[in-house]
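Here the sequence shown stands for residues 40 to 333, where the numbers follow our numbering.
For glycine and all other residues, C-beta sits at the position ideal for the given N, C-alpha and C.
Working notes for the structure below.
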Amino acid sequence: AEITLEDLNTTKTPVIENQFKTYEINKPPKHKILCKMDATKRVVLITGSATGIGAGTAKGFAKEGASLCITGLPSQKDELAEVAKVCKENGSPHVLEVAADLRKQEDMDLLMNETIKTFGQLDVLVNNAGIQVYGDIEQQYTSEEFDNVFSVNVKAPIYLTKLAKPHLSKTKGNIVNLCSVVRNWYLPKFIVYGMSKAAIEYLTKTTAADFAEIGVRCNAACPGMVLETDILVNVLPEEVQQQFREDCSTKLRGRTTTKSEVSDLIGFLASDKATMITGELITIDGGKMLSLTA
Ligand SMILES: NC(=O)c1ccc[n+]([C@@H]2O[C@H](COP(=O)([O-])OP(=O)(O)OC[C@H]3O[C@@H](n4cnc5c(N)ncnc54)[C@H](O)[C@@H]3O)[C@@H](O)[C@H]2O)c1
Numbered sequence: 040a041e042i043t044l045e046d047l048n049t050t051k052t053p054v055i056e057n058q059f060k061t062y063e064i065n066k067p068p069k070h071k072i073l074c075k076m077d078a079t080k081r082v083v084l085i086t087g088s089a090t091g092i093g094a095g096t097a098k099g100f101a102k103e104g105a106s107l108c109i110t111g112l113p114s115q116k117d118e119l120a121e122v123a124k125v126c127k128e129n130g131s132p133h134v135l136e137v138a139a140d141l142r143k144q145e146d147m148d149l150l151m152n153e154t155i156k157t158f159g160q161l162d163v164l165v166n167n168a169g170i171q172v173y174g175d176i177e178q179q180y181t182s183e184e185f186d187n188v189f190s191v192n193v194k195a196p197i198y199l200t201k202l203a204k205p206h207l208s209k210t211k212g213n214i215v216n217l218c219s220v221v222r223n224w225y226l227p228k229f230i231v232y233g234m235s236k237a238a239i240e241y242l243t244k245t246t247a248a249d250f251a252e253i254g255v256r257c258n259a260a261c262p263g264m265v266l267e268t269d270i271l272v273n274v275l276p277e278e279v280q281q282q283f284r285e286d287c288s289t290k291l292r293g294r295t296t297t298k299s300e301v302s303d304l305i306g307f308l309a310s311d312k313a314t315m316i317t318g319e320l321i322t323i324d325g326g327k328m329l330s331l332t333a
């Protein structure tokens, strides 16, 4: 007979011992091991969704009929409105726009409260907002810059993860973080940004482990160079961008990654197609990192 999701969620499990949990024979796991999300009824909150990968991700979820909370800095209200318009045209039944500076805890509280007040639930959190500084310690490092990068790239994702936990627990939802190939790869003058993405690797793995028992997954997308969004283009000198393009052109897929390819990966990780994927950091760089170790 066909095995249903119901069967899988109540199937007797053998003893599995690991550092996290011991499941007993004949005792079903407390949490659902699978969840079936109706893509058209999902509520998805995406930070940094006024531009770049975040905006593309919102438009992708909209095509599946998901309701969305999109958010950007107060200075990005016009861009947010434009993204909201496209999302509605793409099929999203409801798009909530919230202006929030993720360096401020009260703005993040507002963001989550507005999402729950409007939709009553949260199914997916995409921690996408990020900033970059470029320079070595002597030239560029300042305490203020460090604080800025860590506030947006690290403190915001961990705080939003904390706020999202009770809501994702109810929906058996999931989190997708934006990490980067520089989390464990040396690139000159990426010191602070690289450190922040290394922290996201740890956050992703520890969230996946800690939230497993409440049935919530957490993964990360790790793009290589996406030289069509603001984050690198605004801070990297033109000759460095050119160098990256030439470098990527000689590596496996022979080009840089596009923002829509990253959005597709985020959509996949958040979907039921990835039900058994958690704690993973998926590199999306056309094989460039592979070519460095081959
Ligand atoms: N572009 C790349 O090559 C690349 C590579 C690896 C990882 N990433 C990651 O992808 C994510 C998205 O970046 P992108 O390439 O789309 O660039 P982007 O600059 O278009 O997007 C980043 C967004 O974050 C928002 N943001 C910054 N500070 C904020 C704050 N204080 N409050 C609220 N929002 C804030 C920005 O306004 C912007 O809309 C980032 O986390 C980035 O680190 C990008």
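{"query": "THR61 to ASN216 span [Cα, whole Å]", "result": "For THR61, the predicted model reports a pLDDT of 47, less than 50, meaning its position is unreliable and no value from the coordinates is stated."}
{"query": "Buried versus exposed, by CB contacts within 10 Å (16 or more), SER182", "result": "exposed"}
{"query": "Whole-Å CB distance - ASN166 paired with ILE214, under 8 Å assumed", "result": "7 Å"}
{"query": "Strand pairing of SER88, partner residues [DSSP]", "result": "SER88 is not bridged to any residue."}
{"query": "For PRO262, the first and last residue of its enclosing beta strand (DSSP E)", "result": "256 to 262"}
{"query": "Three-state class that DSSP yields for SER288 in the structure shown", "result": "helix"}
{"query": "Unbroken beta strand (DSSP E) run spanning CYS108, endpoints", "result": "106 to 111"}
{"query": "Counted within 10 angstroms of its Cβ, other Cβ atoms place ASP148 as buried (16 or more) or exposed", "result": "exposed"}
{"query": "Residues near ASP290 in its chain [Cβ-Cβ closer than 6 Å; skip 5 each side]", "result": "According to the sequence displayed, residue 290 carries Lys and not Asp. Excluding sequence neighbours, LYS290 sits near LYS327, SER330."}
{"query": "Nonlocal neighbours in the same chain, by C-beta distance under 7 Å from PRO196, ignoring five residues either side", "result": "ASN166, ASN216, ILE239, LEU242"}
{"query": "Complete alpha helix (DSSP H) runs within the region 112 to 163 (minimum length 4 residues, chain order)", "result": "116 to 129, 144 to 158"}
{"query": "Range of the contiguous beta strand (DSSP E) that encloses LEU242", "result": "Segment 230 to 250 is the alpha helix (DSSP H) holding LEU242; no beta strand (DSSP E) there."}
{"query": "Terminal residues of the beta strand (DSSP E) in which ASN17 lies", "result": "Absent from the model: residue 17. The displayed extent of the chain is 40 to 333, so no value can be given."}
{"query": "Residue of GLN144, SER208, THR295 minimising C-alpha distance to SER190", "result": "GLN144"}
{"query": "Limits of the alpha helix (DSSP H) - the one that LEU320 falls within", "result": "Note, LEU320: premise wrong, no alpha helix (DSSP H); beta strand (DSSP E) at 320 to 323."}
{"query": "Residues of its chain near SER219, where Cβ-Cβ distance is below 6 Å and the 5 sequence neighbours each way are ignored", "result": "LYS236, CYS261"}
{"query": "Distance between ASN152 and LEU202 (C-alpha atoms, nearest Å)", "result": "9 Å"}
{"query": "Contact test: ASN216 Cβ vs ligand 1 heavy atom, cutoff 6 Å", "result": "no"}
{"query": "CA nearest to the CA of ALA94, picked from GLY233, LEU119, GLU278", "result": "LEU119"}
{"query": "LYS298 versus PHE307: straight-line alpha-carbon distance, rounded", "result": "14 Å"}
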